[in-house]
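Accompanying notes for the structure given below.
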Amino acid sequence: MSSELPAYQLKFSARRRSVQLKIQSGQLWVSAPTGCDLQFIQQLIQQKKDWIDKHLSQQQHTTEPGWLAQRQIPLFDDKLELKIVQDTVNQFSLDGDCLWLQLSNRNKNQDKWIEKLVTEFYLQQAKLWFEQEVQLQQQQMSLSSREVRVCNFKAKWGSCDSSGALSFNWRLLMAPAWVAQYVVVHELAHLVHMNHSKSFWALVSQFNQDAAKARLWLKQNQHWMQL
Ligand SMILES: [Zn+2]
């Protein structure tokens with residue numbers, strides 16, 4: 685999914701002579717002369733992708749606080765409070781809206797252990813959620829995958845290999861559920877089309893109406909979805 689175009693807002697103007705790209709409020713804005721070819725605009729965005737990505741992430745980095753430091757972690761539409769207690773072992777347990785972290789007082793670097801336990805928690809939850817969601821969606825789409833994996837991808841949300849194994853980034857648990865659901869449909873659609881062709885997107889939108897909105901959401905929020 686990494687080669688896709690960044691999301692943008694397009695405005696046509698009769699007074700414009702050329703296409704202008706602008707990054708504002710954490711978003712890409714495109715102004716183009718009336719009647720300008722859409723394909724030409726998309727090519728231009730593709731060419732300027734590095735510049736766009738750089739400026740988007742710069743703007744977004746300066747506006748969002750780190751969530752791990754706030755001792756709160758997102759889980760879909762909820763927030764879990766981190767409760768940290770000293771103990772003799774390192775382990776986590778979920779109790780309602782609280783994620784309890786027991787930290788051994790022999791740890792050298794407590795922050796590293798917090799990060800490690802939170803990651804383990806997400807991986808465990810993600811495995812359960814994605815297995816269930818894939819089951820559900822693949823029935824609707826009359827497809828069948830071979831395996832569901834949860835991965836620690838740095839630069840993608842999911843993947844589908846030619847053997848029919850689907851992989852998902854556990855960081856999607858920090859997004860709203862409808863965003864993660866879109867990624868499930870996206871990867872399942874790759875069981876039919878191993879590309880991002882028109883037929884691929886038609887299949888995605890047949891089973892998920894939020895595709896465009898979800899892609900925009902991921903583009904705008906991916907910068908803070910890291911530990
Ligand atoms: Zn894809």
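Under our numbering, think of the first position of the sequence shown as 685, with each following residue one higher. By construction, the Cβ of each residue, glycine as well, lies at the ideal position given by its N, Cα and C atoms. Please read these numbers as outputs of a predicted model, since none were measured by experiment.
Quick check on the burial criterion: 16 or more other C-beta atoms within 10 angstroms. Buried or exposed for Met858? Here the question's residue 858 lines up with position 174 in the sequence shown. It counts as buried.
Within its chain, find whatever has a CB closer than 8 angstroms to the CB of Pro749; leave out the 5 residues flanking it on each side and keep chain order. In the sequence shown, counting from the first residue as 1, residue 749 sits at position 65. Bear in mind that a pLDDT of 46 at Pro749, under 50, signals an unreliable position, so the model cannot answer this.
So, under 8 angstroms CB-CB, Ala716 and Arg701 are touching, yes? Tell me the CB distance rounded to an integer number of Å. The sequence position of residue 716 within the sequence shown is 32, counting from 1. The sequence position of residue 701 within the sequence shown is 17, counting from 1. Their Cβ separation, rounded to whole angstroms, is 10 angstroms, which puts Ala716 and Arg701 out of contact at 8 angstroms.
Mind checking who Asn836 pairs with in its DSSP beta bridge? If you number the sequence shown from 1, residue 836 lands on position 152. Paired residue(s): none; Asn836 is not in a bridge.
Going by DSSP, what residue range makes up the alpha helix (DSSP H) through Gln794? In the sequence shown, the residue the question calls residue 794 occupies position 110. 794-824 is the span of the alpha helix (DSSP H), which, as asked, contains Gln794.
Given Glu921, which residues of its chain have a CB within under 6 angstroms of its CB, disregarding the five upstream and five downstream residues? Residue 921 lies beyond the stretch modelled for the chain, which goes from 685 to 911, so this question has no answer here.
Could you tell me the alpha carbon to alpha carbon distance between Ala839 and Arg855, rounded to whole angstroms? The residue labelled residue 839 in the question sits at position 155 within the sequence shown. The residue labelled residue 855 in the question sits at position 171 within the sequence shown. Rounded to whole angstroms, Ala839 to Arg855 spans 11 angstroms at the Cα level.
Quick check on the DSSP output: the beta strand (DSSP E) that includes Glu765 runs from which residue to which? Position 81 of the sequence shown, counting from 1, holds the residue named residue 765. Per DSSP, Glu765 is one residue of the beta strand (DSSP E) stretching across 762-771.
Which runs of the beta strand (DSSP E), 3 residues or longer, sit entirely within the stretch 819-905? Under the rule that a run must span 3 or more residues, the beta strand (DSSP E) segments found entirely inside the stretch 819-905 read 831-835, 842-844, 849-853.
Option nearest Gln711 by Cα separation, candidates Ala873, Gln704, Ala691: On the sequence shown, position 27 is the one that residue 711 refers to. When only C-alpha atoms are compared, the closest one is Ala691.
Using a Cβ-Cβ cut-off of 7 angstroms (strictly less than) and excluding sequence neighbours within five positions of Lys903, which residues of its own chain qualify? To locate residue 903, count along the sequence shown from 1; it is residue 219. So the qualifying residues of the chain are Pro690, Ala691.
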